[in-house]
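According to the numbering used here, the stretch in the sequence shown is residues 1 to 489, in order.
Since the structure comes first, as structure tokens, the remarks are kept for the end.
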Amino acid sequence: MHTLPLLTQQFVELPPFFYSRVSPEPLTAPYWVAFNTDLAAELNLDTDFQTTSNLAYLSGNAPQYAPAPIAGVYSGHQFGVYTPRLGDGRAILIGDSVDAAGQRQEWQLKGAGKTPYSRFADGRAVLRSSIREYLCSEAMHGLGIPTTRALALCGSDDPVYRETVETAAVLTRIAPSFLRFGHFEYFYYTGREAEIQQLADYLIRHYYPGCQDADNPYAALLEQIRNHTADTVAAWQSVGFCHGVMNTDNMSALGLTIDYGPFGFLDDYDRRHVCNHSDTQGRYAYNAQPFVAHWNFSALASCFDALVPHNTLEQLIDGWTEVFQTTYLEKMRRKLGLQQADKRDDESLIADLFAALQDQKTDFTLFFRNLSEVGNTHGEPLPSKLEQTFKNGVPPAFIRWLGRYRQRLRAENSVPAERAIHMNRTNPLYILRNYLAEQAIAQAQNGDYREIERLRRCLARPFDEQAEFADLAEPPPEGSIPVCVSCSS
């Protein structure tokens, strides 16, 4: 089976004003850059998939597409300011298929040319940003964080004009749905209540069927979206992931991590870290992400004011903080190897830890990974690997915190060896550090794509120590400057 599966187009159940029919624009002389064999197996594709005909199909070069490809319309708040019409400006939905688990998955070509929603843009994506999204979406999947996936990456020597002249690429993205908060906002701000209900009914029917039997299915839908979103953002915080551009049009109605642009994982811990160089006010800084997600959910909930009573909407919005904090504390307890919940002490312990780490140039990922080697005994020397994560020396505030932490471990009768096993299943050894992505991009721009596949294979198992990938666990080279990434892609 070397051909594509028979695709259908479930989204066209919705009326035509939700989308436009479009045709991908071909790349000149496309070539394979990367192909995700793990995801291919999940989609029931043959591993020998990289044929000429499939390359043509996934690069926009097929002579015919069936079913007809479409691009969706939506709007959104960008940096808090409402933009009335956005839509899929360079992403084209070519259909959907049922995967090996029986779940329907949509196929989207990102960078496949202009659509009615491209505005003044060219509808293209560049190789650089496409490699970043290919790798990060798979890294997030490896971490167990809800995300869109990446199946394939095709390149071309066609020039694309950004800050500099770059080359074009088309990324095949996979997700159960690419619906966003902004889809609802578009119809809300154009006063089309019937369309909001149609869209909500579509979501409930296909993705949240458990809401159908609720007293108010639309309130139940909002509650599910809130809970999924809170869980995903809590997971971001727990691994030090910064999205970079949390506009409402970049928020998934399924709670997926979507639209990988100027993202970045923390190297040294800094609660104020901003990964997007366009974010001059720090609106989307690392520590602001939970608050922005709350604001975005409030914007979504407002769209349901004709379907859900006002007091219920207020309760759903006000309930965000507790839902987020509950799931965040649960994830942080696992990172710290704590077995018993003590909300007040947990909040204090976590806050005091991060206060001790702030401004100390302590590698976030390696700190938590090596914390598993700490013993329970008071006054026991720090494990050398943990001590090495403090570039400026171990601060006294951390020593004081460590005493409290060990006291808590002893109170729980924690067994160090068992705790280490559990902590290493939660604290990754490998993340997609920006310097690793930049190395893979530099090699790819010279025609060598092997590092992309090497990184993908490593990041698929981020919690397992893998001897052949020992170099990929290293922090950035000493003296390197943290990367602040552009939105251009």
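Ideal placement from N, C-alpha and C gives every residue a C-beta, glycine not left out.
Check: Unbroken beta strand (DSSP E) run spanning residue 159, endpoints; Outcome: 149 to 161
Check: As assigned by DSSP and simplified to three states, the class of residue 415; Outcome: coil
Check: Anticipated Cβ contact below 8 Å, residue 490 with residue 460, distance rounded; Outcome: Residue 490 lies beyond the stretch modelled for the chain, which goes from 1 to 489, so this question has no answer here.
Check: 9 Å Cβ cutoff, residue 396 in contact with chain D; Outcome: Judged by its chain identifiers, the structure shown contains no chain D, having just a single protein chain.
Check: Contacting residues, own chain, Cβ-Cβ under 7 Å from residue 480 (five flanking each side not counted); Outcome: 435
Check: Pair within 9 Å by beta-carbon distance, residue 239 and residue 60; Outcome: no
Check: The stretch 448 to 467 / the stretch 142 to 152 touching (three or more Cβ pairs under 8 Å); Outcome: yes
Check: Simplified DSSP assignment, three categories, for residue 201; Outcome: helix
Check: Contact under 9 Å by Cβ, residue 78 with residue 247; Outcome: yes
Check: Identity of the residues DSSP links to residue 81 by a beta bridge; Outcome: 78
Check: Own chain partners of residue 6 with C-beta closer than 8 Å, once the 5 adjacent residues on each side are dropped; Outcome: 97
Check: Residues near residue 55 by beta carbon distance below 8 Å, same chain, minus five either side; Outcome: 30, 31, 32, 61, 154
Check: Buried or exposed by the 16-neighbour rule on C-beta atoms within 10 Å, applied to residue 166; Outcome: buried
Check: Where residue 450 falls: helix, strand or coil (DSSP); Outcome: helix
Check: Nearest to residue 261 (by Cα), restricted to the options 269, 243, 273, 249; Outcome: 243
Check: Burial state of residue 518, where buried means 16 or more other Cβ atoms lie within 10 Å; Outcome: Only positions 1 to 489 of the chain appear in this structure, which leaves residue 518 out of reach.
Check: Which listed residue (188, 174, 184, 129) has its alpha carbon closest to that of residue 163; Outcome: 129
Check: In DSSP terms, what residue 107 is bridged to; Outcome: 95, 174
Check: 7 Å CB neighbourhood of residue 4 in its chain, flanking five on each side removed; Outcome: 54, 57
Check: The alpha helix (DSSP H) enclosing residue 328, as first and last residue numbers; Outcome: 320 to 336
Check: Proximal residues to residue 356 (C-beta, below 7 Å), its chain only, five neighbours per side dropped; Outcome: 395, 397, 398, 401
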